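Numbering-wise, the sequence shown is residues 13 to 130 according to my numbering.
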Amino acid sequence: MRSERLAAALVTFGEPALEQVPEGAGIEATRAAVGTAVTVWNACVLATHWGELDALENLRTLAASGYLPSPLDSLLEPLILRYLEHHETDARLVAGWVVDPGPSGGIILHCEVKVPRH
Numbered sequence: 013m014r015s016e017r018l019a020a021a022l023v024t025f026g027e028p029a030l031e032q033v034p035e036g037a038g039i040e041a042t043r044a045a046v047g048t049a050v051t052v053w054n055a056c057v058l059a060t061h062w063g064e065l066d067a068l069e070n071l072r073t074l075a076a077s078g079y080l081p082s083p084l085d086s087l088l089e090p091l092i093l094r095y096l097e098h099h100e101t102d103a104r105l106v107a108g109w110v111v112d113p114g115p116s117g118g119i120i121l122h123c124e125v126k127v128p129r130h
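Structure representation (structure tokens):
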């Protein structure tokens with residue numbers, strides 16, 4: 013299931029990561045920033061809606077061990093807090109995503125969505 017609304021939520025959620033991409037850095041740097049946002053989003057969704065209670069703790073453990081690439085290590089807690097403050101009721105998991113260059117230097121984000129079964 014494709015959801016443009018999830019893509020918009022992810023761009024808003026991931027602003028702290030996207031803001032760290034230097035102007036003119038290219039689409040790969042933007043994709044890495046979106047990847048950071050998706051990783052944290054999915055861990056939050058798994059922990060709060062899918063019963064995967066260890067998802068956030070596992071991500072924190074990786075960060076503390078130095079296994080997460082920058083800027084994910086420094087953005088982890090701010091993004092978790094951002095999810096809890098603004099998106100906590102959103103149970104959609106990002107099952108797949110693609111970032112394409114958009115007009116005027118922007119991006120177009122396409123997401124595949126997975127929702128929990130009840």
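Just so it is clear, CB atoms sit at the ideal spot from N, CA and C, and this is done for glycine as well. Small disclaimer: the values here were computed from a predicted structure and weren't measured.
If you compare alpha carbons, which of 125, 119, 127, 126 is closest to residue 24? 119
Entirely enclosed alpha helix (DSSP H) segments - the stretch 26-99, minimum 4 residues: 27-30, 39-61, 67-76, 84-98
Are residue 49 and residue 29 closer than 7 Å when you measure CB to CB? yes
Compute the Euclidean distance between the alpha carbons of residue 127 and residue 60, then round it to the nearest angstrom. 13 Å
Since residue 91 contacts residue 125 with CB under 8 Å, what's their CB separation in whole angstroms? Wrong, their Cβ atoms sit about 19 Å apart, outside the cutoff.
Just how far apart, CA to CA, sit residue 77 and residue 70? 11 Å
Kindly indicate which residue of 58, 44, 34, 66 has the alpha-carbon position closest to the one of residue 81. 44
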